[in-house]
Amino acid sequence: MAESKLVMLVDTQRCIACNSCAVACKVENNLPRDVWWNRVMTVGGPHLDAPSGTYPDLEMYNVTVACQHCENPACVKVCPVGATYKDPETGVVRQDYDKCIGCRMCMSACPYNGVRSFNWEEPAYHLDFPVGDQDVAPHQKHVVEKCTFCWHRLAKGLAPACVEACSARARIFGDASDPTSAVSQKLKERSSMRLLEDRDTEPSVYFLR
Amino acid sequence: MTEAYSPARGLTRRNFLKSTGVAAAAVAASGAGALTVGELAQAETYEPGQTEGAGEEIFHGVCRGNCSGTCKLNLHVVDGKLVKTSKRSFNSFPDGSVDRICLRGLSQVYNVYGPNRIQYPMRRVGERGSGEWERITWEEAIKEITDEWKRIQKEYGEQAIAYTRGSGNLGCISGVASPMYNVFFNKINASMIKIARDQANTRGINRVVGNLGDWVLNDPSDFKNAKTLFVWGANITDAQIHDWHFVADAQDAGTKLVVIDPIMTQLAARADLWVPVRPATDAALALSMMHVMVTEDAVNKPFLRDSTCAPFLVRSDTGKFLRMSDLGVEPEVIEVETGAVSAASSENKGAQVGKAKTTQKIVDHPAVLDADGTVKSLAEAADPQLNGTYDFNGVACRTAYDLLVEDIMEYAPEKAQNICDVPAETIVELAHMALDGPCTHRLGWGSNSYTNGVHAAHANITMAALTGQIGYPGAGTGVGDFKACWGINAVVKGMTAAKYPMISALALPEIMRTDKWKGEDYPIRSLYVYAGNPVSNQVNTNEYINDVIGNMDLYVVADYTFTDTVKYADIVLPASHWFEQQELVPISATQCFLHSEKAIDPLYESKSDFEILKLLAAGMGYPDLIDLTEDEYMSQVVDTPALGALGITYDAIKENEDMYWYPEKPWIPWKNAEFRTESGRMEFYVENPTVQFDVGQEFDEDREHLPRYFNPTEAYEGSPTWDKYKLILLSERPRFRVHSMWSDNAYLRELDPEPTIKMNPADAEARGIADGDYVEVYNDRGHCVARAVFNDGIRPGCMVYPKSWQQHQHKAGCWSELLTSEYDPVGVNESYFDNLVEVRVWNEE
Numbered sequence: 000m001a002e003s004k005l006v007m008l009v010d011t012q013r014c015i016a017c018n019s020c021a022v023a024c025k026v027e028n029n030l031p032r033d034v035w036w037n038r039v040m041t042v043g044g045p046h047l048d049a050p051s052g053t054y055p056d057l058e059m060y061n062v063t064v065a066c067q068h069c070e071n072p073a074c075v076k077v078c079p080v081g082a083t084y085k086d087p088e089t090g091v092v093r094q095d096y097d098k099c100i101g102c103r104m105c106m107s108a109c110p111y112n113g114v115r116s117f118n119w120e121e122p123a124y125h126l127d128f129p130v131g132d133q134d135v136a137p138h139q140k141h142v143v144e145k146c147t148f149c150w151h152r153l154a155k156g157l158a159p160a161c162v163e164a165c166s167a168r169a170r171i172f173g174d175a176s177d178p179t180s181a182v183s184q185k186l187k188e189r190s191s192m193r194l195l196e197d198r199d200t201e202p203s204v205y206f207l208r
Numbered sequence: 000m001t002e003a004y005s006p007a008r009g010l011t012r013r014n015f016l017k018s019t020g021v022a023a024a025a026v027a028a029s030g031a032g033a034l035t036v037g038e039l040a041q042a043e044t045y046e047p048g049q050t051e052g053a054g055e056e057i058f059h060g061v062c063r064g065n066c067s068g069t070c071k072l073n074l075h076v077v078d079g080k081l082v083k084t085s086k087r088s089f090n091s092f093p094d095g096s097v098d099r100i101c102l103r104g105l106s107q108v109y110n111v112y113g114p115n116r117i118q119y120p121m122r123r124v125g126e127r128g129s130g131e132w133e134r135i136t137w138e139e140a141i142k143e144i145t146d147e148w149k150r151i152q153k154e155y156g157e158q159a160i161a162y163t164r165g166s167g168n169l170g171c172i173s174g175v176a177s178p179m180y181n182v183f184f185n186k187i188n189a190s191m192i193k194i195a196r197d198q199a200n201t202r203g204i205n206r207v208v209g210n211l212g213d214w215v216l217n218d219p220s221d222f223k224n225a226k227t228l229f230v231w232g233a234n235i236t237d238a239q240i241h242d243w244h245f246v247a248d249a250q251d252a253g254t255k256l257v258v259i260d261p262i263m264t265q266l267a268a269r270a271d272l273w274v275p276v277r278p279a280t281d282a283a284l285a286l287s288m289m290h291v292m293v294t295e296d297a298v299n300k301p302f303l304r305d306s307t308c309a310p311f312l313v314r315s316d317t318g319k320f321l322r323m324s325d326l327g328v329e330p331e332v333i334e335v336e337t338g339a340v341s342a343a344s345s346e347n348k349g350a351q352v353g354k355a356k357t358t359q360k361i362v363d364h365p366a367v368l369d370a371d372g373t374v375k376s377l378a379e380a381a382d383p384q385l386n387g388t389y390d391f392n393g394v395a396c397r398t399a400y401d402l403l404v405e406d407i408m409e410y411a412p413e414k415a416q417n418i419c420d421v422p423a424e425t426i427v428e429l430a431h432m433a434l435d436g437p438c439t440h441r442l443g444w445g446s447n448s449y450t451n452g453v454h455a456a457h458a459n460i461t462m463a464a465l466t467g468q469i470g471y472p473g474a475g476t477g478v479g480d481f482k483a484c485w486g487i488n489a490v491v492k493g494m495t496a497a498k499y500p501m502i503s504a505l506a507l508p509e510i511m512r513t514d515k516w517k518g519e520d521y522p523i524r525s526l527y528v529y530a531g532n533p534v535s536n537q538v539n540t541n542e543y544i545n546d547v548i549g550n551m552d553l554y555v556v557a558d559y560t561f562t563d564t565v566k567y568a569d570i571v572l573p574a575s576h577w578f579e580q581q582e583l584v585p586i587s588a589t590q591c592f593l594h595s596e597k598a599i600d601p602l603y604e605s606k607s608d609f610e611i612l613k614l615l616a617a618g619m620g621y622p623d624l625i626d627l628t629e630d631e632y633m634s635q636v637v638d639t640p641a642l643g644a645l646g647i648t649y650d651a652i653k654e655n656e657d658m659y660w661y662p663e664k665p666w667i668p669w670k671n672a673e674f675r676t677e678s679g680r681m682e683f684y685v686e687n688p689t690v691q692f693d694v695g696q697e698f699d700e701d702r703e704h705l706p707r708y709f710n711p712t713e714a715y716e717g718s719p720t721w722d723k724y725k726l727i728l729l730s731e732r733p734r735f736r737v738h739s740m741w742s743d744n745a746y747l748r749e750l751d752p753e754p755t756i757k758m759n760p761a762d763a764e765a766r767g768i769a770d771g772d773y774v775e776v777y778n779d780r781g782h783c784v785a786r787a788v789f790n791d792g793i794r795p796g797c798m799v800y801p802k803s804w805q806q807h808q809h810k811a812g813c814w815s816e817l818l819t820s821e822y823d824p825v826g827v828n829e830s831y832f833d834n835l836v837e838v839r840v841w842n843e844e
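Pasting the structure below:
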């Protein structure tokens, strides 16, 4: 049985920082107030849509930032209870809410700031009923959370919500262990980069240049 | 909910595999015990009628708040509640090419259930705008409104009741395209106030090519056929996110992207060439590009001769074309069919729309110079000349082309570079790119937002006359395509003709101040507002609040959410949300009719606008005026012979959800260079200039014959207010709102929490402003406080505010207070960018 390696490609030529992926994730996963598993940042100036350089000699592109589902995840190594683990069949880095003791070691070990969130209080929501996919695991107090690659959707044969929502067609998701997959083909065709490659985490999120 | 896993644990691998039948099927198909992730990569949408999980129902819906996208949505409903909106496929495009959704479509759940929903009818009890209300019943609300309307009409005349809208719903029953409002308000002989926005580019283009709708251009899927795509002042990556991927696809296919914009937008950042032009100078840039084309003798002479007015002789005494009747030849009389005009077009005059009819047309052929030097009828000349003069009984006549060239010759690149702040060599490069077709020029609403905006569009479309690049794949010039479907019928049961002509919203303040319209007594005392938010969106808010609302006896607003306009209402009526009623959307950038199901019942005491109209009609003494069902009216709108011939019927649209109505795909306007002008040619020389809206104004006809560059009213260095104010205030329709209906969406507010003003650091630092400071932006009209955000992509001397915040979201003021209500007499258009302001640190709370 061949194991798969699920990866996410984000085409920086196509990403316009519209934040649709961020909002899709927010609603799909019924994320609590102020919790975002997926964010979009402009590479350049200090704010969204702010380029680097001086007018009119400017440059600007965007990256999305969420759990990198690393091949060599720093979080998994430090979790004392095995709540953070790598799914051997898909490569998805998972978080078991019931096992999590809220020590936040994974958060400090992870070199990617802000991709994990910790519910200090009982999660609060903007609406008084769960929105999004009703199969999403309920959020809990004192638990670390992060992008699941929409595990509940993978189970239904659907791509993650951010992929579906990307009207720029900037996100491509699939199995990098299959040389015929769209992601493998794209990685062959285009040059790409990953975030903090010097940290040897081997992220599964690639940014096409 | 599936029972196969413990929600408290999240999905474990074991229950992952058995959690749904879909997964089980995938496992079986792969035979490997793992996900078929290869196929899964782009698996994304739900089949019609598919339920996602136990207890979940999915309805088909349409997002319809005038970003022009009209994207289809899955409306996921659990236990009678809308829990999610997701992307839904178009059946008319089985390849998935137009399937899309954006952050606004995705966050709809909050718009439906957020605390800003208006729950029941309310009556104002405090001062206007104080926010003090009392709850009343529908019966009380309707009685109070209609009693007051009867009193007002008795006292001031029937016209004293007026109604207006924004673009908050593109539906044909409860929205912009609905004839139902006309049915009711025409019955009581009320006055219709028409919003005056996004009209200058329409005027500038349509007066040259004719009217196929307010904004037409080759379908975005055709961009890839262009060698170069020029985007002029269109912030596609914010305001029309749904179109961006077509641009990216075109780039992938080898199309070069040129973006002409004072601001480095996300689109500009991806351009092969970004041209950071000085605001309000697009006309000069286009004229200068034409200068290059003419001086290099690179214009398309056969096209000019055969498909434009270039060879027409123009009389120097009248500015009119020399006609064969001038030369003693009797005009011909022929039968022609006038086109059906769509309900949402600016040509809509209230009731008589959608009807094609045959009329007699007198054809008085233009006179041209033939190759042998004689003057002939255009119909008879073998080789009409582009250049030349003719002495008509002492009246000098010149060809329209010569007159255009004379105009163009004033804009040598060396001169234009000082106007546009674009180097002369760049202008030459742009001209060469524009000549090397096919090229598509997509115009936005940037240059349209100054009082010289008509001419920016006129100049651009004239460039297409010089290149001949229009009407075929990859070739076109126009405003990013968005128009009502043709062939719909507005003359539904109960429709009567409007007794009074429409009035431009820009004329309303003066009417309210003087009780006069075009010199005649014309008091208006009540305004009914639906699907719109003029307090937030109309220019010069203080004038609007003081002079318009301040002089109303009764200001009634129907809306589903609490807007700035609702805040000033005397009576508020709770309208239901889009997804609480069925609707047919006949205005779409996809050229589709779209049906949207009712997914949930109207919340609280809200009612659809259609139901509200029935109550108002009954209250005014016409209980039977609107007595058909929604379905029956929608059928009357759509079931016309013209659409029937295409197989489009109301029942079919309902069944198919979406139906493409244009006979060909993709939509390309002006095929075979057939134009809807009097001559059937591109008339870049406008013989008889008219105004976008008759407000009794005068205008300089000579200026309007040809495209010209001239200063806007305020937004330029050296303008009358330059001594006091030195920053041009631009706005963007930001992706976090686009329009004000998303202003209070909590999901979007987490990403974009408060009003901001984007500034170039140089301008900020010169004023002692630090990144993140609260600043007051001000001019003589008003002020607005927002947080300064440094951004090097903002052109020095300009500032950009993301629009559509509501008053309560600002520490003080609001953006629209700062905007001029001056307008160009020809465009009669709100000039959102034609403003100078100053800015200073704000230290108050």
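Protein chains in written order, with numbering that gives the first Met the number 0: chain A, 0 to 208; chain B, 0 to 844.
Note that the Cβ used here is the ideal one computed from N, Cα and C, for glycine as well.
Only a predicted model underlies this, so the values are computations on that prediction, with no experimental measurement involved.
- In the DSSP annotation of this structure, the continuous segment of the alpha helix (DSSP H) that includes CYS24 of chain A starts and ends at 19-27.
- For HIS75 of chain B, the enclosing beta strand (DSSP E) begins and ends at 71-77.
- With a threshold of 7 Å between beta carbons, LYS76 of chain A makes no contact with chain B.
- The region 482-492 of chain B makes no contact with the region 226-244 of chain B; the number of CB pairs closer than 8 Å stays below 3.
- For VAL22 of chain A, the neighbours in chain B by C-beta distance under 8 Å run, in chain order, LEU102, LEU105, SER106, TYR746, LEU747 and LEU750.
- Taking C-beta atoms under 8 Å as the contact rule, PRO122 of chain A and PRO31 of chain A qualify, at a distance of about 4 Å.
- Following the DSSP letters along the chain, one finds ALA785 of chain B inside the beta strand (DSSP E) bounded by residues 781-789.
- Within chain B, the residues placing a beta-carbon under 9 Å from that of ASP33 of chain A are GLU749, ordered along the chain.
- Around the beta-carbon of TRP119 of chain A, fewer than 16 other beta-carbon atoms lie within 10 Å, marking it exposed.
- With fewer than 16 other Cβ atoms inside 10 Å of its own Cβ, PHE709 of chain B counts as exposed.
- When B:GLU713, B:GLY695, B:PHE592 and B:ASP369 are compared, the shortest CA-CA separation from ASN655 of chain B is found for B:PHE592.
- When DSSP states are grouped into helix, strand and coil, PRO110 of chain A belongs to the coil group.
- Taken in chain order, the whole beta strand (DSSP E) runs of length 3 or more contained in the region 111-154 of chain A are 115-117 and 143-145.
- For SER287 of chain B, the enclosing alpha helix (DSSP H) starts and ends at 281-294.
- Note that the region 463-471 of chain B does not touch the region 188-206 of chain B; fewer than 3 beta-carbon pairs, one per stretch, sit closer than 8 Å.
- Taking CB atoms only, HIS138 of chain A has no neighbour in chain B less than 7 Å away.
- Assignment of ASP10 of chain A by DSSP, reduced to helix, strand and coil, places it in the strand class.
- Not a single C-beta of chain A is nearer than 7 Å to the C-beta of VAL182 of chain B.
- Judged by DSSP secondary structure, LYS725 of chain B falls outside any alpha helix (DSSP H); it is assigned neither H nor E.
- With the criterion set as a beta carbon lying under 8 Å from some beta carbon of chain A, the members of the region 108-134 of chain B are VAL108, TYR109, TYR112 and GLY113, in sequence order.
- Any Cβ of chain B closer than 7 Å to the Cβ of PHE128 of chain A would place that residue at the interface, and such an atom is present.
- Relative to HIS141 of chain A, the option among A:VAL26, A:GLU201, A:CYS99 and A:GLU88 whose CA is nearest is A:CYS99.
- Going by beta carbons, ASN28 of chain A and GLY156 of chain A fall outside the 7 Å limit.
- TRP231 of chain B sits in a strand when the DSSP states are folded into three classes.
- Apart from the 5 residues on each side of it in sequence, ASN71 of chain A sits with its Cβ closer than 7 Å to the Cβ of ASP199, THR200 and GLU201 in its chain, given in chain order.
- Among the residues of the region 437-469 of chain B, none has a Cβ less than 7 Å away from any Cβ of chain A.
- Residue state for GLY173 of chain A is assigned as strand, using DSSP reduced to three classes.
- Within the same chain, GLU2 come within 6 Å of GLU88 of chain A by CB-CB distance, once the 5 residues on both sides are set aside.
- At least one CB of chain B lies nearer than 7 Å to the CB of LYS25 of chain A.
- With a beta-carbon spacing of about 6 Å, TRP669 of chain B and VAL208 of chain B fall inside the 8 Å limit used to define contacts.
- Pairing GLY618 of chain B with SER815 of chain B, the inter-Cα distance amounts to about 35 Å.
- For CYS165 of chain A and PHE148 of chain A, the gap between their C-alpha atoms comes out near 15 Å.
- Taking 7 Å as the cut-off, the beta carbon of SER106 of chain B is found no closer than this to the beta carbon of SER448 of chain B.
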